[in-house]
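Single-structure report; data block below.
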Amino acid sequence: METSLTPRSLGQPGFISDVRAFYAILRREWTIFRRYPSWIIALLIWPLIFPMMYILTGRALSGIDGSGLAVFTKLTGATDFIGYIVIGTTVWMWQNIVLWDVGFALRNEQMRGTLESNWLSPTWRFSYLLGHTGPQLISMTMFILITAIEFGLIFSVKLNGSAWLALLVMLVSIPAIYGLGFAFASIVITAKEAHTFVFLVRGLVMIFCGITFPVSLLPGWMQSIANWLPQTYMIRAMRSAAFANASFTELLPDLKALLLFGAFWLTLGYLLFTWMERRARQTGAIGQY
Amino acid sequence: METQLLSRPSLATQLYAIYVIARKDWKVFWRYPLNAVSHVFQPIIWVTPVYFMGQAFSTNGQALGFAQYSGTGDYMSFILLGTALSNFILTVFWGMGFALKEDMDAGVLESNWLTPVSRIHILVGRTLTSLLTTTIMSLIMLLIAGWMFGFHPTGNALLAFLTAIPMLIGLYGFGFAFAGVVLLMREANTLVDVSSFLVQGLSGANFPVRSLPYWLIPVSLMLPLTYGFDAVRGILLKTNTLLPIYVEVILLIVFMFVMLWFGAWIFNRVERKVRVLGTLGQH
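As you go down the protein sequences, you meet chains A and B in turn.
With the working numbering applied, the first sequence corresponds to residues -16 to 272, in that order.
With the working numbering applied, the second sequence corresponds to residues 15 to 297, in that order.
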């Protein structure tokens, strides 16, 4: 009996081969991630010291008799100002790390000189970006867990709400945060020098999204800008879920907004990527740096 | 006519070499104008959340709680002055610390090392431009941030400037030692990032150190920069100081001499070590 084998290789792209390519990229990123363990130190230190500087400023603003804190509590309704600040600064750090990691994924390949050769393989090219997201999500989960443990143990920050709802807010925020990272990666590969762009985007989050204060304190025009940034909704929803005992129904408007932002940024990220890919092939800019 | 070359080192040639290095850095700095813009606006971006946070703690624009620690309710003047001074800390850690590393990465360190110029003078040359550009950027930052958030100095600006000088020279002396350590470690981003952030924070760039938890206050008091921030604010903003201002100035002058000696000593030792190891060209 004659049997014929139809090899399903990467040379004949199909869904299975794309999944295999994605897995290969994911595994490669995971291997690189484990090869440089110095990130462990950063993972332990930054969740503590970055919010600490704002917390210590808040402590000074509170005054010896706590009169400043009473004003803050009355305005924000926050019973725990440390928890209030930790949530804002953690969201900022999350977006900041995604901009550096996912945003620079293709740029780093370009600098290493491997982007062109990877581009020549018959693979779905968007999987290069998706592959970077896997280890990044794992390290960010660890980052957030370490933040919660450190502030729970050292500063006795306790939840006054539902951890599950706070987790839900984080899950719903993933498409918006990473969609922005994908869009950013495509811009970076075209604009090359991107540090200034990172400073700009993370600066917008820092100024407008209320990482250490309620957005209602901003002038009207600044609040209008804040309403167009998903991090504003994420910070507000997480604070409500974790410290104001908000119910699912109360969180629903913010969750819907985050899903809409997620759909928008993922679509824009994908469209920018395909535009960049086409442009790079036409201009031959993919190997330039 | 007799020509005086660098190959026959004299005081004049060494001074000329310092001038050439400073001029080269000056040119490089202004070749990247976006970088200069970033130097001005980054600190403003970082203090904006503090401004609004302060508003959330204030009554009628006055941070009365803050005044209990610092002696002034004008928290933004306090913080902006701290931010302007901490720009120098960041420049020393990132600029001076990585000055030689950048030469190493660019592949010019070994050839520079072969010139008959004292290696300490190479660092001094780089310090001059760094001091000048950071001063210019910090003044522009103060002008813009002062217009946005309000900056109300009431004291003697010249006296405050003179007080800051020994602190800055001492800081750059420390930068010599730090440049040596980076030269030895080669990959020191996390070290630089974390240590600059901590030194800046614990010296009281953004808050009076009196407000720190009791277990952190000794750490803060051990940092000479704490007295620099405190004295400059005491003179310019009339805030409560930790010690009488003249004592803080004496401490800063002692710090300056100790750090210049210590920085040069560490740098010379490390420099000898990397020459023995032969790692000067590796990165």
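Built from N, CA and C at the ideal position, the CB exists for glycine as well.
DSSP-derived helix/strand/coil call for residue i
{"i": "residue 149/B", "result": "helix"}
{"i": "residue 204/B", "result": "helix"}
{"i": "residue 97/B", "result": "helix"}
{"i": "residue 106/A", "result": "coil"}
{"i": "residue 179/A", "result": "helix"}
{"i": "residue 62/A", "result": "coil"}
{"i": "residue 72/A", "result": "helix"}
{"i": "residue 73/B", "result": "strand"}
{"i": "residue 225/B", "result": "helix"}
{"i": "residue 252/B", "result": "coil"}
{"i": "residue 161/B", "result": "helix"}
{"i": "residue 139/A", "result": "coil"}
{"i": "residue 118/A", "result": "helix"}
{"i": "residue 240/B", "result": "helix"}
{"i": "residue 131/B", "result": "coil"}
{"i": "residue 87/A", "result": "coil"}
Straight-line Cα distance separating residue j from residue i
{"i": "residue 266/B", "j": "residue 116/B", "result": "30 Å"}
{"i": "residue 22/B", "j": "residue 121/B", "result": "25 Å"}
{"i": "residue 132/A", "j": "residue 70/A", "result": "13 Å"}
{"i": "residue 147/A", "j": "residue 221/A", "result": "11 Å"}
{"i": "residue 138/A", "j": "residue 83/A", "result": "29 Å"}
{"i": "residue 51/B", "j": "residue 154/B", "result": "10 Å"}
{"i": "residue 197/A", "j": "residue 72/B", "result": "13 Å"}
{"i": "residue 135/B", "j": "residue 28/B", "result": "7 Å"}
{"i": "residue 236/A", "j": "residue 77/A", "result": "22 Å"}
{"i": "residue 244/B", "j": "residue 114/A", "result": "50 Å"}
{"i": "residue 26/A", "j": "residue 126/A", "result": "6 Å"}
{"i": "residue 33/B", "j": "residue 143/B", "result": "10 Å"}
{"i": "residue 221/B", "j": "residue 241/B", "result": "13 Å"}
{"i": "residue 60/B", "j": "residue 141/A", "result": "28 Å"}
{"i": "residue 204/A", "j": "residue 66/A", "result": "28 Å"}
Start and end residues, alpha helix (DSSP H) containing residue i
{"i": "residue 164/A", "result": "146 to 174"}
{"i": "residue 275/B", "result": "259 to 291"}
{"i": "residue 197/A", "result": "No alpha helix (DSSP H) contains residue 197/A, which DSSP labels as neither H nor E."}
{"i": "residue 273/A", "result": "Only positions -16 to 272 of chain A appear in the structure, and residue 273/A is not among them; the question remains open."}
{"i": "residue 40/B", "result": "25 to 45"}
{"i": "residue 22/A", "result": "22 to 45"}
{"i": "residue 217/B", "result": "Premise fails: residue 217/B is in no alpha helix (DSSP H) and is neither H nor E."}
{"i": "residue 172/B", "result": "171 to 199"}
{"i": "residue 22/B", "result": "From DSSP, residue 22/B is part of no alpha helix (DSSP H); its letter is neither H nor E."}
{"i": "residue 204/A", "result": "203 to 209"}
{"i": "residue 15/A", "result": "-2 to 18"}
{"i": "residue 80/B", "result": "78 to 84"}
{"i": "residue 217/A", "result": "213 to 226"}
Integer-rounded CB distance, given that residue j should sit under 8 Å from residue i
{"i": "residue 269/B", "j": "residue 180/B", "result": "7 Å"}
{"i": "residue 166/A", "j": "residue 248/A", "result": "6 Å"}
{"i": "residue 86/A", "j": "residue 159/A", "result": "About 14 Å separates the two Cβ atoms, so there is no contact after all."}
{"i": "residue 106/B", "j": "residue 185/B", "result": "5 Å"}
{"i": "residue 196/B", "j": "residue 257/B", "result": "The pair is not a contact, with the Cβ atoms about 33 Å apart (cut-off 8 Å)."}
{"i": "residue 80/A", "j": "residue 35/A", "result": "About 18 Å separates the two Cβ atoms, so there is no contact after all."}
{"i": "residue 83/B", "j": "residue 217/B", "result": "In fact, because the Cβ distance is near 15 Å, the residues do not count as touching under 8 Å."}
{"i": "residue 250/B", "j": "residue 174/B", "result": "4 Å"}
{"i": "residue 108/A", "j": "residue 260/A", "result": "6 Å"}
{"i": "residue 234/A", "j": "residue 224/A", "result": "6 Å"}
Contact test: residue i Cβ vs the ligand ATP heavy atom, cutoff 8 Å
{"i": "residue 182/A", "result": "Because no ligand of any kind appears in the structure shown, any question about the ligand ATP cannot be addressed here."}
Amino acids of chain B, ordered along the chain, whose beta-carbon sits closer than 8 Å to that of residue i
{"i": "residue 196/A", "result": "63, 66, 67, 69 and 70"}
{"i": "residue 190/A", "result": "59, 62 and 63"}
Partners in chain A for residue i, counting only beta-carbon separations shorter than 8 Å
{"i": "residue 222/B", "result": "43"}
{"i": "residue 237/B", "result": "The contacting residues do not exist; residue 237/B stays about 15 Å from chain A at best."}
{"i": "residue 83/B", "result": "43, 46 and 47"}
{"i": "residue 80/B", "result": "43, 44, 46 and 51"}
{"i": "residue 233/B", "result": "Near residue 233/B there are no residues of chain A at all, since even the closest Cβ is about 12 Å away, more than 8 Å."}
{"i": "residue 198/B", "result": "Within chain A, no residue comes near residue 198/B; the closest Cβ sits about 16 Å away, beyond 8 Å."}
{"i": "residue 25/B", "result": "Under the 8 Å cutoff, chain A gives no residues; its nearest Cβ is about 40 Å from residue 25/B."}
7 Å Cβ cut-off: residues of chain A touching residue i
{"i": "residue 77/B", "result": "44 and 51"}
{"i": "residue 226/B", "result": "39"}
{"i": "residue 52/B", "result": "179 and 182"}
{"i": "residue 48/B", "result": "179"}
{"i": "residue 28/B", "result": "Result: empty, since nearest Cβ-Cβ is about 35 Å, beyond 7 Å."}
Neighbouring residues, chain B, relative to residue i (Cβ below 7 Å)
{"i": "residue 25/A", "result": "204"}
{"i": "residue 36/A", "result": "215 and 220"}
{"i": "residue 186/A", "result": "59"}
{"i": "residue 200/A", "result": "66, 69 and 70"}
Listed by chain order, chain A residues near residue i by CB distance under 9 Å
{"i": "residue 73/B", "result": "50, 51 and 54"}
{"i": "residue 89/B", "result": "40, 43 and 44"}
Proximal chain B residues relative to residue i, where beta-carbon distance stays under 9 Å
{"i": "residue 32/A", "result": "208, 211, 212 and 215"}
{"i": "residue 60/A", "result": "Simply none; closest approach about 11 Å."}
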